[in-house]
Every structure is written in structure tokens, then in C-alpha cells.
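Take any residue in the sequence shown, count from 1 to its spot, add 799: that is its number in our numbering.
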Amino acid sequence: MRPIHATVSLSALRANITRLRQTAPDSRLWGVVKADAYGHGLSRMLPALDAVDGLALLELDAAVMLRERGWRKPVLLLEGLFESAELEVATQHGLTCVVHAEHQVAMLEKARVATPLPVHLKFNSGMNRLGFDAAGVHAALARLRGCANVADITLMTHFADADAPEGVAAALTRFRAVAAGTGLPACIANSAAMLRFPETRLDWVRPGIALYGCTPFADQSASELGLAPVMTLHSRLISVRELAAGDRVGYGGTYTAARPMRVGVVACGYADGYPRHAPGLAGRGTPVLVEGRRTRIVGRPSMDMLIVDLEGIPQACAGSPVTLWGEGLSADEVAAAAGTVSYEMLCALAPRVPVDVIDGSGR
Ligand SMILES: *Cc1c(COP(=O)(O)O)cnc(C)c1O
């Protein structure tokens, strides 16, 4: 069998949830599990998610799956409903809906549903993506309060700069002005905000990336935050070769050996979800572990393979274990080298990569 596989650790996920709970002990916690739990597989992560108070995502089919799998706690649809035909499904399954635009208010007013829906009313605090401005929030609130199809209302916003003190302070000032006098519960913090800014830990918090053991910050690592990687991407060397000075490596020959060197070929490429733009040795290089030792990739990753430098790892041979990211090498570090973020790499794990679930002592 092709040696690439990912492992996902339920115990790491549980530990991260505990860590986040300790950070915001007075807030209820939405576990953000959109994009199939950031590429980890929502279904397989579910057994480790019972310590959160609700699950937040935006795919209706996944929300229904959660109910079918017996998830009884709240489920939040982060983009709300896209069309009125979805109202019936949402009511039937008791889903909480974000309301971010007027057409969603109108949709609720026109409907006749058996059970009123809880909603999260979204304020645009400066991201200018989804949500009402201040006047719009008050107008929508009046209508939602008068709507028989609406149960309890929570006020929410999403930060454009959740890791920057000035950005959070400015957005928070706007949010407080809107929330004042409404008496509504509030939900505003993603991972970055809740980890760094205590004043954002309101009735609910909404961490995503931190659950999976990655950092939302450029200046603080996941391990410094006390977070453990949930996904590790493993493979092996499938070939080893000696290069002579002047030999070029891979498509386009972007790397030329300056002297004799040993390289290994790893069964992992961009069709597995590895970032194609990860720079090789000709650039800054992208870290990788071979036999548990750190080295760097050489040349440009191709669809199914990438090449690594074996200098200083004489024991490396065909069959040697390789870690692309995860335990021992944070996805954050690989992402930073490749000019992306861990979010994108985790979500991009390809369906062709088999995933093993590890629980407890397996780690
Ligand atoms: C994805 C998302 C989150 C989680 O953000 P992280 O940075 O992963 O913690 C929170 N709120 C909303 C609205 C989101 O879309």
C-alpha cells in the first residue's frame, strides 16, 4: 500500500478543548467544525467533541448528519439559510441560524414553521463581509422580536483582525455600542480573540483552529499556547538517490546540486494536499522530518511525490518514516514556510489519503 496516511488524535482534541475551556471558563463554547472539521473528518472527530456546548458549521448536510448521529446540543449554521426551502430542515433538526442579511429576516417572517428557531444576529464590526451595520441590527432586531418563528436571539460579530489589539479594540467598541440596551447574550470570539483578549469571552466563544492544535498567531506557536496537534501527516521514502554536483532535481529543475548529495523521494504530493508552492532548498526551504530528524524539501513538490535532502541522516533509506506535518513538526511552521496558513493545509488534506483515528494510549 502507498505509505501516505494521516492520523487524527482524539485525545489531542480533548486536551485542546480542555485548554480552551480553562481559558474561558464562564463562556459556553461552540466548537467550529466547518469544512469537515477543518479537514479532520467531522464524523470521526465527533466522539471527542462531547465536551463542547454546541457545534458550528455552515454545511446543512453535515448539520443533519450530526443530528442523525445523535448530537442533541445546539448546532449553529454560520452563514444561516441560503434559501427558504432549508427552513423546514432547520426547524425539524432544531438548528440555530445566523441572520446576517435582510433577505434572511424576510425569509423567517414569511415562513410558517412548527417550532421557532433560535438565531444569532450578526453585526458587521469592520470585516465588511457578512452582517448588518448598527442601524440594520436594530431594524432587524425589532422584526425578529416580532416574528413568531424566532425563538431566542444572540448577538454576534466576527473580527477582521482578531490577533491585533487595536483591531479588536475598535471592533469591540462598535459591538458594545450596538449591544447596549438590547439585553441580548453575545458571541464574538474566534480562537485568536478568545486566547488573547479576555474581554471578548462573552456568553459564547467560537474557536476553530485552536481545537485542532494550531495557532492563530504569527508570533506565538501552538505549543507555547499549550495546544497539541490533532492531525499528523505521515509517509515514507520510496526511493533514495545520490546526486552529483550539477544534477538538477524535479520538474523544471528548480534546484541544482552544488555538490554531491543524497536525496530521498517521499510518497506525498500536492494531490495529497501538500502545498505545491512550498519552497525547496533553492528558496528558504520547507521543513520535513525524516527518521524523526529535521530536514528540508528539495525542488518543487509534484502531484504524487516530493524530494527531501538527506544530509545528516545517513540511516535514511527506502521505507524510512517521514512526517510532513503534525506531531514533532507543527503544521503552522510548514504553512508559514509555504506562504499559507495551517487552516488551508488541514482543509486541503485529499480524500485519497487514508486517515486513522488514534484515541488515548495509541499516541
Ligand atoms: C471559522 C469561523 C470561526 C473560527 O475561527 P478560528 O480562527 O478557526 O478560530 C469563528 N467564527 C466564524 C464566523 C467563522 O467563520
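Where is the CB? At the ideal position from N, CA and C, for every residue including glycine.
Looking at residue i and ligand 1, is the gap between the Cβ and the nearest heavy atom below 8 Å?
| i | result |
| --- | --- |
| Ile1008 | yes |
| Asn989 | yes |
| His839 | no |
| Pro1015 | yes |
| Val831 | yes |
| Arg1005 | yes |
| Tyr1054 | no |
| Tyr1142 | yes |
| Leu877 | yes |
| Ala1137 | no |
| Ala961 | yes |
| Ala855 | yes |
| His957 | yes |
Compare the Cα-Cα distances from residue i to each of the options and report the closest residue.
| i | options | result |
| --- | --- | --- |
| Leu876 | Glu998, His899 and Gly1084 | His899 |
| Val918 | Ala905, Gly1007, Leu954 and Ala934 | Leu954 |
| Leu1001 | Arg1095, Leu943, Phe974 and Glu1126 | Phe974 |
| Ser1038 | Thr999, Asp1071 and Cys1116 | Cys1116 |
| Arg820 | Tyr1050, Pro873, Val888 and Ser990 | Ser990 |
| Pro997 | Pro824, Val1156 and Ala1136 | Pro824 |
| Gly935 | Arg928, Leu920 and Val949 | Leu920 |
| Gly893 | Val1154, Leu907, Arg871 and Ser883 | Arg871 |
| Val904 | Ala861, Asn948, Ala884 and Gly869 | Asn948 |
| Leu1019 | Ala939, Leu994 and His1033 | Note that residue 1019 is Gln in the sequence shown, not Leu. It is Leu994 whose Cα lies nearest to the Cα of Gln1019. |
| Leu1148 | Pro964, Arg801, Gly840 and Val888 | Gly840 |
| Gly1082 | Arg1061, Val1062, Thr1055 and Asp860 | Thr1055 |
| Val1107 | Val1156, Val874 and Val1048 | Val1048 |
| Ile987 | Phe922, Thr817 and Asp1155 | Phe922 |
| Arg1061 | Arg942, Asp852, Ala939 and Thr1094 | Thr1094 |
| Ala1057 | Ala963, Ala1043 and Gly930 | Ala1043 |
| Tyr837 | Leu856, Val888 and Val1133 | Leu856 |
| Val888 | Glu878, Val897 and Asp860 | Asp860 |
| Leu865 | Phe881, Glu882 and Val832 | Val832 |
| Pro1074 | Gly1138, Leu1026 and Thr1053 | Gly1138 |
| Gly925 | Ser1034, Glu965 and Leu812 | Glu965 |
| Thr895 | Arg801, Pro873, Glu1090 and Gln1114 | Pro873 |
| Asp1131 | Leu1026, Thr999, Ala992 and Arg818 | Leu1026 |
| Asn815 | Gly1091, Cys1146 and Glu1023 | Glu1023 |
| Val897 | Arg942, Asp849, Ala941 and Thr956 | Thr956 |
| Gly982 | Leu940, Leu971 and Val967 | Leu940 |
Could you check the C-alpha separation between residue i and residue j for me, to the nearest Å?
| i | j | result |
| --- | --- | --- |
| Ile803 | Asp951 | 47 Å |
| Gly1159 | Cys1067 | 27 Å |
| Asp932 | Pro1078 | 42 Å |
| Leu1128 | Gly1111 | 18 Å |
| Met1030 | Gly945 | 46 Å |
| Glu858 | Ser810 | 26 Å |
| Met1102 | Phe958 | 36 Å |
| Leu1080 | Asn927 | 40 Å |
| Arg1162 | Ala910 | Because Arg1162 sits at a pLDDT of 45, beneath the cut-off of 50, its placement in the model cannot be relied upon, and the following sentence gives the value as read from the coordinates. Cα to Cα, the separation comes out at about 50 Å. |
| Arg1099 | Tyr1050 | 7 Å |
| Trp1003 | Ala862 | 19 Å |
| Ala884 | Pro915 | 16 Å |
| Arg1151 | Pro1028 | 21 Å |
| Glu908 | Glu1126 | 50 Å |
| Ala913 | Asp1071 | 45 Å |
| Ala1021 | Gly1118 | 30 Å |
| Gly1045 | Arg827 | 60 Å |
| Gly1063 | Asp962 | 39 Å |
| Asp867 | Trp829 | According to the sequence provided, residue 867 is Glu. The question's Asp does not apply to it. Approximately 19 Å, taken between the alpha carbons. |
| His937 | Asp960 | 24 Å |
| Ala805 | Ala1134 | 17 Å |
| Val1154 | Trp1124 | 14 Å |
| Ala979 | Ala969 | 16 Å |
| Gln891 | Ser1034 | 44 Å |
| Gly869 | Asp835 | 17 Å |
| Arg801 | Pro1113 | 23 Å |
| Thr1053 | Glu882 | 49 Å |
| Leu1164 | Pro1059 | In the structure as shown, the chain begins at 800 and stops at 1162. Residue 1164 is therefore absent and cannot be evaluated. |
| Arg942 | Ala985 | 19 Å |
| Leu812 | Cys1146 | 16 Å |
For my contact list, residue i and residue j are in at a C-beta cut-off of 8 Å; report their separation, rounded to the angstrom.
| i | j | result |
| --- | --- | --- |
| Thr1085 | Ala1136 | 4 Å |
| Val1121 | Leu1088 | 7 Å |
| Leu1105 | Ile1096 | 5 Å |
| Val1156 | Val851 | Not a contact, Cβ separation roughly 18 Å. |
| Leu929 | Met906 | In fact, because the Cβ distance is near 15 Å, the residues do not count as touching under 8 Å. |
Looking at the C-beta of residue i, does it have a partner C-beta in chain B at a distance below 9 Å?
| i | result |
| --- | --- |
| Gly1079 | The question asks about chain B, but that chain is absent: this structure has only one protein chain. |
Between the stretch 1033 to 1052 and the stretch 1005 to 1020, do three or more beta carbon pairs fall short of 8 Å? no
Given 8 Å as the limit, is there contact between the stretch 844 to 851 and the stretch 970 to 987, that is, 3 or more CB pairs closer than that? no
Are there three or more Cβ pairs, one per stretch, closer than 8 Å when the stretch 1010 to 1029 is compared with the stretch 1125 to 1142? yes
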